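**Q** Convert by adding 45 to the 1-based position in the sequence shown; the result is the number in our numbering.
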Amino acid sequence: MSYVWDTFIENCQKYYKPGPYISIDEQLFPTKARCRFMQFMGSKPDKYGQKFWLAVDKESKYTVNGFPHLGKDDQRPTNQRLGDHVVTKLMQPYLNNGRNVICDNFFTSLALAETLEMKRTSIVGTVNRARREISTKIKTARDELYSTTILKKGNTSLTVYQGKPTKNVILMSTMHPVVLIGTDTKKKPDTIKFYNESKYG
46 MSYVWDTFIE NCQKYYKPGP YISIDEQLFP TKARCRFMQF MGSKPDKYGQ
96 KFWLAVDKES KYTVNGFPHL GKDDQRPTNQ RLGDHVVTKL MQPYLNNGRN
146 VICDNFFTSL ALAETLEMKR TSIVGTVNRA RREISTKIKT ARDELYSTTI
196 LKKGNTSLTV YQGKPTKNVI LMSTMHPVVL IGTDTKKKPD TIKFYNESKY
246 G
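#1: Closest to M163 by C-alpha separation, out of Q137, V224, T236, Y240, would be which residue?
#2: Quick check on DSSP: helix, strand or coil for I54?
#3: Could you tell me whether the Cβ atoms of S68 and K244 are closer together than 8 Å?
#4: Quick one: grab the DSSP three-state call for G64.
#5: State whether the stretch 94-108 contacts the stretch 55-75, with contact taken as three or more CB pairs (one from each stretch) at a distance under 8 Å.
#6: Nearest to C258 by alpha carbon, out of Q72, K77, T108?
#7: Does the separation of the CB atoms of L225 and I215 fall below 8 Å?
#8: When the distance is taken between beta carbons, is F74 closer than 8 Å to F97?
#9: Which class does L196 belong to by DSSP, given the choice of helix, strand or coil?
#10: Quick check: the Cα distance between N200 and T236, rounded to an integer number of angstroms?
#11: Hey, would you say R126 sits closer than 8 Å to S167, going by beta carbons?
Rendered as structure tokens:
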């Protein structure tokens, strides 16, 4: 299986050059085969299968890299989050070329953003409010509906958008040095619009 998959990915990379935006996510391939790497994912239509980590070109939805989740990865440093490791591994062939990573809150972290920035790669992704870099004030904020708060650290912007009365969206970007607020009724910032239009999976 490893040989077949590795050959598939090698050919994907050989015959296709991705654009500037690469989306990263997990994908469950359903199967009833008995395997110690089987995963249960209650949020998926098919609950059981083999989980793969995939990097996909935003425009074409073409797979440009990927690998199966086989449990503990000996190549992962002990002090590195799984999400950070997955993104850096998937993006390895595409670093230092000014590309952008789009991912959800399982992957996004300040440490990952800083690592990618050193490799001339930006990131746009939602942030898990449990991340230690997110202050308690932001986690519990209940601001005016459709209001936006922007926080900055170096080249990293944090957009906090109150899209629902009792829940905000937290999004990190190193691609947007300036965040523009929409003029329509919902006043969505351009970081949120970009993410919604770009996320795959």
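Don't be surprised by glycine CBs; every beta carbon is placed ideally from N, CA and C. Given the structure is predicted, the values throughout are model-derived calculations rather than measurements.
**A** Reading from the atomic positions:
#1: Translated into the one-based positions of the sequence shown, residue 163 becomes position 118. The shortest C-alpha separation from M163 is found at Q137.
#2: Looking up residue 54 in the sequence shown gives position 9. I54: helix per DSSP, three-state reduction.
#3: Residue 68 sits at position 23 when you count from the first residue of the sequence shown. Residue 244 sits at position 199 when you count from the first residue of the sequence shown. Yes.
#4: If you number the sequence shown from 1, residue 64 lands on position 19. Three-state result, G64: coil.
#5: yes
#6: An answer regarding residue 258 cannot be provided, because it is not within the stretch 46 to 246 covered by the chain.
#7: As a working note, residue 225 is residue 180 in the sequence shown. As a working note, residue 215 is residue 170 in the sequence shown. Cβ atoms of L225 and I215: not closer than 8 Å.
#8: Along the sequence shown, one-based indexing puts residue 97 at 52. Along the sequence shown, one-based indexing puts residue 74 at 29. For F97 and F74, yes; Cβs fall inside 8 Å.
#9: As a first step, residue 196 must be located in the sequence shown, where it is residue number 151. Judged by DSSP in its simplified three-state form, L196 adopts strand.
#10: Indexing the sequence shown from 1 puts residue 200 at position 155. Indexing the sequence shown from 1 puts residue 236 at position 191. Going from the Cα of N200 to the Cα of T236 covers about 14 Å.
#11: As a first step, residue 126 is located in the sequence shown; it is residue number 81 there, counting from the start. As a first step, residue 167 is located in the sequence shown; it is residue number 122 there, counting from the start. For R126 and S167, no; Cβs fall outside 8 Å.
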